[in-house]
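Have a look at the structure below before the remarks.
2 protein chains.
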Amino acid sequence: MIVELLVIGNEILIGKTKDTNSNYMAKRITKYGHKIRRITAVGDELEDISSAMKEAISREPDMIITCGGLGPTFDDMTLQGIAQALNTELELNQLAYNSIKRSYEAAFRQGVLKLDGMTKEREKMAYLPKGSTPLPNKRGTAPGVKIKLSKILIFCLPGVPMEMKSMFKIVVLPILKEKKGKFMEKSFIFTGIGESHIAPYVTEVEERYPKLWIKTHPRLGEFGAEIEVSITAFNVENAEELADIAIEKLKKVVINLKGKIKQN
Amino acid sequence: MIVELLVIGNEILIGKTKDTNSNYMAKRITKYGHKIRRITAVGDELEDISSAMKEAISREPDMIITCGGLGPTFDDMTLQGIAQALNTELELNQLAYNSIKRSYEAAFRQGVLKLDGMTKEREKMAYLPKGSTPLPNKRGTAPGVKIKLSKILIFCLPGVPMEMKSMFKIVVLPILKEKKGKFMEKSFIFTGIGESHIAPYVTEVEERYPKLWIKTHPRLGEFGAEIEVSITAFNVENAEELADIAIEKLKKVVINLKGKIKQN
């Protein structure tokens with residue numbers, strides 16, 4: 006599957022909060038052989054959310070996952086933005102309403118929260134784009150949202166990492182596993198020679214094994230101490246075998262050029 | 006100024022590398038009163054880079070900063086993607102060529118690199134989109150690029166954090182300072198009451214002070230221990246004064262609702 010991530014929140018754009026959510030998801034999506042094609046971060050502005058969403062839809066990925074902006078305050082406007090992008094409206098979802106109500110009742114009974122009952126702000130979280138399926142939030146109150154738009158599966162997850170992870174594991178991971186592809190990544194690190202020195206040999210090996218994507222990552226720049234060679238492949242049957250051969254070839258090149266293999 | 010960031014590299018999309026560069030830049034861009042409107046991450050694919058760039062240009066920000074994909078290997082194709090987006094071509098830039106040549110000569114003399122002279126791969130880094138100004142890379146070899154496109158200033162910075170930071174400080178920061186706006190951020194953390202409980206009061210205060218952007222960030226979800234109230238404003242003359250009043254009002258609300266102020 007081809008996946009896009011849409012991260013929503015001013016706190017990311019002003020640099021106050023590091024977006025750790027997209028890295029968490031990227032690792033797992035890739036692990037199961039799916040490819041993230043784009044990660045977009047926008048602020049809590051209706052137009053920005055709506056246009057980023059429309060653009061993602063127009064690229065026709067198999068899955069779009071949004072993250073953030075589902076909370077009870079009026080400036081949490083992810084769902085409004087998505088409704089606008091889908092040219093539809095928000096409507097009260099009774100399942101979502103009941104689940105939110107139950108969460109707050111339980112939290113009040115346990116003394117976790119001091120305000121009982123539903124309020125306008127709590128109700129707000131139950132207004133989902135028409136045709137949505139609410140997703141239970143085991144770690145919080147704002148339900149997630151699942152929308153099937155023709156061939157595109159849209160998931161809206163909360164931004165609080167604990168809630169996002171819990172919902173990702175419960176609702177997204179099973180789909181990633183079910184539609185599992187094959188992803189392979191192997192790498193090694195060398196020292197002593199520069200990226201530009203090994204570049205023609207990398208090109209040669211890559212031309213020999215066109216199914217592999219071979220990249221060099223200078224860890225401290227061309228003059229720095231270390232360069233990582235990373236080989237990846239999506240959905241290539243004998244990728245590991247090919248990667249092992251390619252790595253052996255490149256290690257020999259490094260040794261011949263009087264560099265040193267630092268780490269497998 | 007309105008700024009967009011474009012992060013380029015497969016390693017980000019597969020979750021292998023955390024994109025720390027955009028957070029670094031976001032903090033500094035915001036600090037000087039400029040607003041990041043969007044952060045986009047794409048892989049090392051010509052079409053993806055080119056289309057993300059075209060889209061950013063079509064939104065007409067004042068500045069676009071790209072990061073990554075400037076190195077000597079053939080799959081470092083940021084500049085090719087940008088040339089395609091600008092409907093122009095790459096051409097050998099003599100200034101860039103000379104500076105790259107000097108860097109490698111010095112590195113060879115000092116024994117840092119084992120291969121002397123220019124190679125096809127080293128030359129590659131001197132091919133810039135027509136009309137570019139090369140930016141010196143004090144920490145590496147790949148020069149950065151500056152392009153003035155009508156009212157949009159485009160900077161292409163390296164992806165290696167050390168090189169990016171050095172170039173950002175030297176070439177971008179002075180412009181941020183020169184065109185400095187005013188950014189204000191104040192916050193406090195409270196415990197004991199939920200986000201939805203305080204939400205209507207936040208709305209009230211925000212309606213009273215429409216120039217302030219007041220957001221609540223549950224740090225561990227609605228039932229969690231802490232909620233941060235963050236107040237931000239771009240280019241509001243008496244923002245700090247207004248924020249102080251708003252914060253005092255909200256702290257009183259928290260106390261009245263029997264919550265606790267945890268941290269200023």
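Taken in sequence, the protein lines are chains X and Y. Residue numbering for the first sequence follows our numbering, starting at 6 and increasing by one per position. Residue numbering for the second sequence follows our numbering, starting at 6 and increasing by one per position. No residue lacks a Cβ here, since even glycine has one placed at the ideal position from N, Cα and C.
At a cut-off of 9 Å, the C-beta of Ile69 of chain Y has no neighbouring C-beta in chain X.
Contacts with chain Y at 9 Å (Cβ-Cβ) do not include Arg107 of chain X.
If you check each beta-carbon in the segment 139–171 of chain X against every beta-carbon of chain Y, the ones closer than 7 Å belong to Arg144, Gly145, Thr146, Val165, Met167 and Glu168. A distance of 9 Å or more separates the beta carbons of Glu9 of chain X and Ile54 of chain X. Per DSSP, Ile19 of chain X lies in no alpha helix (DSSP H) and is assigned neither H nor E. Using a CB distance cut-off of 9 Å, Ile17 of chain X counts as an interface residue toward chain Y. For Phe188 of chain X, the enclosing beta strand (DSSP E) stretches over residues Phe188 to Thr196.
Residue pairing of Ser235 of chain X in beta bridges, as defined by DSSP: X:Ser192 and X:Lys220. In this chain, the alpha helix (DSSP H) harbouring Val258 of chain X covers Ala244 to Asn261.
When the beta-carbon positions are compared, Ile62 of chain X and Ile69 of chain X come within less than 9 Å of each other.
The distance from the Cβ of Lys254 of chain X to that of Ile266 of chain X is about 13 Å, inconsistent with a contact at the 8 Å cut-off. The contact set of Leu262 of chain X on chain Y, defined by CB atoms closer than 9 Å, consists of Lys119 and Leu120 in chain order. Counting C-beta pairs closer than 8 Å gives three or more between the segment 126–138 of chain X and the segment 86–102 of chain X, which meets the contact rule.
Listed along chain Y, no residue sits closer than 7 Å to Thr83 of chain X by beta-carbon distance, the nearest being about 14 Å off. When only Cα atoms are considered, Ile152 of chain X and Leu154 of chain Y end up about 39 Å apart. At a cut-off of 9 Å between C-beta atoms, Lys182 of chain X does not count as an interface residue with respect to chain Y. When secondary structure is reduced to three states using DSSP, Gly86 of chain X falls in the helix class.
The way I'd put it, the segment 139–146 of chain Y does touch the segment 166–186 of chain Y; three or more beta-carbon pairs between them come closer than 8 Å. Under the 8 Å Cβ criterion, the segment 210–228 of chain X does not count as touching the segment 160–173 of chain X, having fewer than three qualifying pairs. Within the DSSP bridge table, the entry for Gln268 of chain Y names Y:Ile194 as partners.
Look at Val207 of chain X: its C-beta is under 9 Å from a C-beta on chain Y. Short of 8 Å from the beta carbon of Leu18 of chain Y, and not among the five residues preceding or following it, lie these beta carbons of its own chain, in chain order: Ala46, Val47 and Gly48. The criterion of a C-beta distance shorter than 9 Å is not satisfied by Asp81 of chain Y and Lys125 of chain Y. The segment 134–188 of chain X contains, as complete beta strand (DSSP E) runs of 3+ residues, the segments 138–140, 149–154 and 157–162 (chain order).
DSSP, read as helix, strand or coil, puts Thr208 of chain Y in helix.
Ile203 of chain X is positioned such that its CB atom lies no closer than 9 Å to that of Leu158 of chain X.
Residue pairing of Lys36 of chain X in beta bridges, as defined by DSSP: absent, with no partner found. Contiguous beta strand (DSSP E) elements confined to the segment 55–79 of chain X occur at 68–72, taking only those with 3 or more residues. In the three-state reduction of the DSSP assignment, Glu94 of chain Y falls in the coil class, being assigned neither a helical nor a strand state. Interface flag for Val47 of chain X against chain Y is set, since a Cβ pair is found closer than 9 Å. Within its own chain, the residues whose Cβ lies closer than 6 Å to the Cβ of Ala147 of chain X, once the five positions on either side in sequence are excluded, are Leu75, Gly76, Met130 and Pro163, listed in chain order. Rounded to the nearest angstrom, the gap between the Cα atoms of Ala111 of chain Y and Thr78 of chain Y is 21 Å. Residue contact check for Asn28 of chain X against chain Y: a CB pair falls below 9 Å.
Counting the other CB atoms within 10 Å of its CB gives Gln99 of chain Y a total below 16, which places it among the exposed residues.
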